[in-house]
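As structure tokens, the structure follows; a few thoughts come after it.
As structure tokens, then:
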């Protein structure tokens, strides 16, 4: 019997996403396109038996979560889980890939291929990031039993959750899994069994705009 199903939603597009700027712990708001994507997410979840909506404490996830909550018919208030915030990327935050490579030649491509082996000045250590995401997962599993929940988080956080569910590494997941803004992945948790990844990065709900 499935104990809990989580819909892992990457936040909608921000102004920085549109400019290809590294965000990490920076907190730009949703762009006009992002607000449209959030409305598409709200439409997608409006007919589903969602019992909880969880968000990181960052502006971009909270805006996305509030859009989903406002139209799902359950009058849900998003719950904030601070440890679902994105990894802090130190000196790279606010920079484009081209600007990173101008300051740190070849570093961006190395990070995309093997993030665990790439040192970013003043960044959060990857093992600390993964530890806090796992802690958040365990706390939520203890409180979201037998429920369908929307978890609005970040690309790095969702990659970490999927990597554990797929019994692979964070590096490998980032190399092979696309996680688009407002994309939806789903994981089922069953008592006494490993989690099951049901699907990854569904985006068909974004194809028809919401007025």
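Residue numbers (the numbering used here): 1 to 211.
We treat Cβ as the ideally placed atom computed from N, Cα and C, and that holds for glycine.
Remember, predicted model here, so these are calculated numbers, not experimental data.
- If you compare the alpha carbons of 36, 136 and 103 with that of residue 208, the shortest gap goes to 36.
- C-alpha of residue 75 to C-alpha of residue 128: approximately 35 Å in a straight line.
- Within the same chain, and ignoring the five residues on either side of residue 41 in sequence, the residues whose Cβ sits closer than 6 Å to its Cβ are 68 and 182.
- Runs of the alpha helix (DSSP H) spanning 4 or more residues and lying entirely within the region 160 to 203 occur at 170 to 176, in chain order.
- For residue 147, there is no enclosing alpha helix (DSSP H); the residue is found in the beta strand (DSSP E) stretching over 147 to 153.
- With a cutoff of 8 Å on beta-carbon distance, residue 115 and residue 174 are scored as near each other.
- Shortest Cα-Cα distance from residue 21 to any of 91, 54, 200 and 39 involves 91.
- Taken through DSSP and simplified to helix, strand or coil, residue 4 comes out as strand.
- At least 8 Å separates the beta-carbon of residue 163 from that of residue 197.
- By the Cβ test, the region 103 to 118 is not in contact with the region 4 to 14, since fewer than three Cβ pairs between them sit closer than 8 Å.
- In the DSSP annotation of this structure, the continuous segment of the beta strand (DSSP E) that includes residue 54 starts and ends at 52 to 55.
- If you ignore the 5 residues before and after residue 23, its C-beta comes within less than 6 Å of the C-beta of 16, all in its own chain and listed in chain order.
- Bounds of any alpha helix (DSSP H) do not take in residue 83, whose DSSP letter is neither H nor E.
- For secondary structure counted as the beta strand (DSSP E) over 3 or more consecutive residues, the region 12 to 55 holds these complete runs in sequence order: 52 to 55.
- The DSSP assignment places complete beta strand (DSSP E) segments of no fewer than 3 residues inside the region 97 to 158 at 147 to 153, in order along the chain.
- In this structure, the beta-carbon distance from residue 203 to residue 180 falls below 8 Å.
- Shown here, residue 60 sits in a helix according to DSSP, grouped into three states.
- Between residue 154 and residue 55, the C-beta spacing is not below 8 Å.
- The beta carbon of residue 121 lies closer than 6 Å to those of 90 and 91 in the same chain, with the five residues before and after it left out.
- Proximity to residue 84 across 8, 191 and 100 peaks at 8, based on C-alpha coordinates.
- Taking C-beta separations shorter than 6 Å and ignoring five residues to either side along the sequence, the partners of residue 33 in its chain run 13, following chain order.
- For the set 49, 45 and 177, the Cα lying nearest the Cα of residue 66 is the one of 45.
- Taking the Cα positions, residue 5 is about 34 Å away from residue 94.
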